[in-house]
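What follows is a single structure, written as C-alpha cells, with notes after it.
Chains as they are written, first to last, in UniProt numbering: chain A, 1 to 198; chain B, 1 to 198.
Encoded structure:
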C-alpha cells in the first residue's frame with residue numbers, strides 16, 4: 001500500500017467548482033484510492049479564474065509547503081481553459097505564452113517530484129473549444145518532449161452529454177456530479193495514474 | 001441562496017487526513033451547504049504537521065490568491081494540536097507564542113473577511129490533551145476579545161468514542177469517516193456557521 005501526498009495544481013475544474021459533493025475529479029480519484037487501502041494525503045490547489053500565468057506564479061510556494069522532503073510527494077497539473085477565454089477581443093493568455101508557462105512549470109515540477117499532466121476539458125462553446133483543442137494538442141506534444149504523461153480529456157468529455165448539459169444548467173462552465181464523475185473515470189482509468197499505486 | 005468562497009486554514013484535521021472520503025469536516029459541511037442549494041467554492045488550506053507559526057507565515061498569500069475583491073469570501077481557521085506536540089522535551093510552539101500567532105492571524109483575517117475559528121480537537125493521549133484543553137480555552141478567550149465566533153471541539157469530541165478509536169486504529173492522531181462526521185456535525189450545528197447562510 002502506498003502512502004502518497006498528492007498536490008493537484010490548476011484551475012476551477014481542479015477545484016471541483018459546482019460539484020455538490022465538493023470533490024471534483026481530483027477528490028473522487030483520491031477517495032477511490034484511499035478506499036482501496038492506499039493512504040493519500042489530498043491537497044487540492046485548484047483556483048478559480050486562474051490562467052497558466054497566475055498558476056505559474058504561485059504553485060511552487062504552495063507545493064513546497066505541502067510536500068516535505070521526507071514524504072512521497074506527487075504532482076498533478078491541469079489548466080488551460082482560462083487562458084483561452086477572450087477578453088477585449090483576445091485570449092487572456094496568448095497561446096505561445098500558455099505553452100511557455102506550461103513548459104516552465106512542468107520542467108521545474110519534474111525536477112521536484114513525479115509529475116502528471118491532465119489536459120483541459122471542453123466548454124459549452126464551439127469557438128472557445130477550437131482554442132482549447134489546439135492548446136490540448138500542444139500540451140500533449142510538450143509533455144511527450146518532456147517525458148511527462150499527458151491525459152487528453154477534451155475529446156472524451158466532448159462525448160459525455162452530462163459534461164455539457166450540467167455546465168449549461170449551472171453557470172455555463174462547470175458541471176455537477178455526473179460531469180465530474182465522468183472526468184474522474186478518465187483519470188482513474190489512466191495507466192499513468194494507476195502506476196502510482198502499483 | 002448564498003454564493004460564498006470559503007477558505008479553511010489550518011492543519012491536518014482541516015485537511016481531513018485519514019478520511020476515506022477525502023472530505024474531512026470542512027468538506028462535509030461545504031457539501032451539505034451545497035446540497036441545500038447554496039453555491040460554495042470550497043478551498044481547503046489545511047496542511048499536515050503545521051504549527052501556528054507555519055500557518056501564520058503562509059495563510060495570507062494563499063487566501064489572497066483565492067478570494068478576489070469582488071467575491072464574497074469567508075475564512076475559517078483551525079489549528080493548535082501541532083503546537084502542543086513535544087519535541088526535545090518541550091512543545092513545538094510555546095503556549096504564549098501560539099496565542100500570539102493566533103492573535104496576529106485573526107486580527108488580520110477579520111480585517112479582510114468574515115472570520116470564524118474552530119478549536120483544536122483532542123488526541124488519544126492524556127498529557128497532550130491537557131495542553132490542548134488549555135490552549136482551546138485560551139483561544140476561546142482571545143476570540144471573545146476579538147469578537148470572532150469560536151467553536152470549542154475539544155470537550156464534545158472527547159465524548160465521541162469513534163474520534164479516539166478510529167485515530168488509534170489509524171495513525172494515532174487522525175480519525176476516519178465516523179470521527180470526521182462527528183466533527184462536521186458540531187460545526188454544522190453551530191449558529192455562527194449557520195448564520196453565513198441565512
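Beta carbons: idealized from backbone N, C-alpha and C, even for Gly.
| Check | Outcome |
| --- | --- |
| Between which two residues does the alpha helix (DSSP H) carrying residue 15 of chain A extend? | 12–15 |
| For residue 101 of chain B, which of B/47, B/81, B/51 has the nearest alpha-carbon? | B/51 |
| Quick check: the Cα distance between residue 146 of chain B and residue 162 of chain A, rounded to an integer number of angstroms? | 47 Å |
| Is it right to say residue 23 of chain A is buried, meaning 16 or more other beta carbons lie within 10 angstroms of its own, or is it exposed? | buried |
| Taking a cut of 7 Å between CB atoms, which residues from the stretch 154–185 of chain A lie near chain B? | none |
| Is there a C-beta anywhere in chain B that falls below 8 Å from the one on residue 188 of chain A? | no |
| Please return the same chain residues whose Cβ sits closer than 7 Å to the Cβ of residue 56 of chain A, not counting the five positions on each side in sequence. | 101, 104, 105 |
| Could you name the residues of chain B that residue 31 of chain A contacts, counting a contact when the two beta carbons are closer than 9 Å? | 19, 20, 21, 22, 23 |
| Compile a chain-ordered list of the residues in the stretch 107–141 of chain B whose CB is closer than 8 Å to at least one CB of chain A. | none |
| Of all the alpha helix (DSSP H) runs that stay within the bounds of the stretch 14–96 of chain A, which reach a length of 4 or more residues? | 24–35, 52–66 |
| Any beta-carbon of chain A closer than 8 Å to the one on residue 84 of chain B? | no |
| Can you give me the C-alpha to C-alpha distance between residue 33 of chain A and residue 17 of chain B, rounded to a whole angstrom? | 14 Å |
| Can you name, in chain order, every residue of its own chain whose Cβ lies under 6 Å from the Cβ of residue 165 of chain B, other than the five neighbours on each side? | none |
| Determine, using beta carbons only, whether residue 28 of chain B and residue 66 of chain B come nearer to each other than 8 Å. | no |
| Give the interface partners of residue 194 of chain B over in chain A, defined as CB-CB distance under 8 Å, in chain order. | Within 8 Å Cβ-Cβ: nothing; residue 194 of chain B doesn't reach chain A, min ~18 Å. |
| When the cut-off is 8 Å and only beta carbons count, does residue 62 of chain B lie next to chain A? | yes |
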